[in-house]
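In my numbering, the protein residues as written are 6 to 234.
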């Protein structure tokens with residue numbers, strides 16, 4: 006199954022890093038967040054990626070165009086102008102990098118890469134988010150109901166610690182940032198049918214706005230509940 010990754014936003018909340026590179030290229034342990042995300046999908050057998058580029062997209066293109074150079078030890082013979090790579094990478098990925106516009110919204114970005122998708126369900130996720138979602142279970146959930154979109158949902162932790170107070174102002178128990186007892190939120194891992202993109206009008210359409218709302222009203226949006234990170 007192909008994996009579409011949104012990697013074109015400005016990343017303004019991490020401006021000290023994103024002045025130089027797009028947010029998915031910020032490194033964790035010496036590797037871009039995008040690499041870790043792709044490695045996770047590949048673990049479940051999904052190795053065909055379509056990356057939606059925008060802001061500083063050339064940084065992503067350069068990284069993958071020179072992937073062997075970035076991820077190998079090497080010996081350079083200056084006299085003969087030759088390079089011997091001592092390869093350390095084992096990724097058997099296929100990566101399609103698509104310029105989807107600097108200011109295009111999320112829905113518009115996905116619609117722009119539709120020509121690279123087969124007439125089959127595909128994964129969709131954000132290039133700056135990681136999680137321990139069981140992708141096999143997510144796909145199974147999507148296939149079980151036959152709707153156009155499955156979105157992974159998660160209950161976020163509370164923002165503050167919670168005190169249980171008994172008689173005489175005694176604190177009975179204390180819970181540090183417990184999981185919220187209320188609603189579920191978008192965890193950022195989707196499986197979609199290509200027909201879902203018919204709900205996207207154009208470049209100015211935010212996927213998380215009108216398209217998902219209309220899909221929900223039409224009974225075409227389901228969720229897979231994820232418990233954990």
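Where is the CB? At the ideal position from N, CA and C, for every residue including glycine.
Any heavy atom of the ligand ATP closer than 6 angstroms to the CB of residue 117? This structure lacks the ligand ATP; in fact it carries no ligand of any kind.
Counted within 10 angstroms of its Cβ, other Cβ atoms place residue 90 as buried (16 or more) or exposed: Walking along the chain shown from the start, residue 90 turns up at place 85. Its Cβ having fewer than 16 others within 10 Å, residue 90 is exposed.
Report, in whole angstroms, the separation of the C-beta atoms of residue 38 and residue 103, which I expect to be a contact under 8 angstroms. Position 33 of the chain shown, counted from the first residue, corresponds to residue 38. Position 98 of the chain shown, counted from the first residue, corresponds to residue 103. Contact between residue 38 and residue 103 does not hold, since their C-beta atoms are separated by about 19 angstroms, which reaches or exceeds 8 angstroms.
Would you call the CB atoms of residue 35 and residue 114 closer than 7 angstroms? Walking along the chain shown from the start, residue 35 turns up at place 30. Walking along the chain shown from the start, residue 114 turns up at place 109. Their beta carbons are not under 7 angstroms apart, which means residue 35 does not touch residue 114 by this criterion.
Can you tell me the Cα-Cα spacing of residue 232 and residue 82, whole angstroms? Working through the chain shown from its first residue, we reach residue 232 at position 227. Working through the chain shown from its first residue, we reach residue 82 at position 77. Going by the C-alpha atoms only, they are around 52 angstroms apart.
Among the candidates 28, 44, 9, whose CA atom is the shortest distance from the CA of residue 137? Here residue 137 refers to the residue found at position 132 when the chain shown is read from its first residue. The shortest Cα separation from residue 137 among 28, 44, 9 belongs to 44.
Starting from the N-terminal side, write out each stretch of the alpha helix (DSSP H) that is 4 residues or longer and does not extend beyond the stretch 114-165. You should have 140-150.
Among 197, 211, 208, 156, which residue has its Cα nearest to the Cα of residue 1? For the chain, the structure presents residues 6 to 234; residue 1 sits outside this window and is missing.
Please work out which residues of its chain come closer than 7 angstroms, Cβ to Cβ, to residue 126, disregarding the five sequence neighbours upstream and downstream, and give them in chain order. Here residue 126 is taken as the residue at index 121 of the chain shown, counted from 1. Cβ within range, chain order: 6, 147, 196, 197, 198.
Coil, strand or helix - residue 227 by DSSP: Working through the chain shown from its first residue, we reach residue 227 at position 222. Three-state result, residue 227: strand.
Span separating the alpha-carbon of residue 229 from that of residue 87: The count along the chain shown starts at 1 and reaches residue 229 at position 224. The count along the chain shown starts at 1 and reaches residue 87 at position 82. Spanning the two alpha carbons is a distance of roughly 51 angstroms.
Measure the C-alpha to C-alpha separation of residue 140 and residue 61 and round it to an integer number of angstroms. Residue mapping note: residue 140 aligns to position 135 of the chain shown, counting from 1. Residue mapping note: residue 61 aligns to position 56 of the chain shown, counting from 1. For residue 140 and residue 61, the distance between alpha carbons rounds to 29 angstroms.
If you compare alpha carbons, which of 209, 189, 16, 193 is closest to residue 160? Counting from 1 along the chain shown, the entry for residue 160 is found at position 155. The candidate whose alpha carbon is nearest that of residue 160 is 189.
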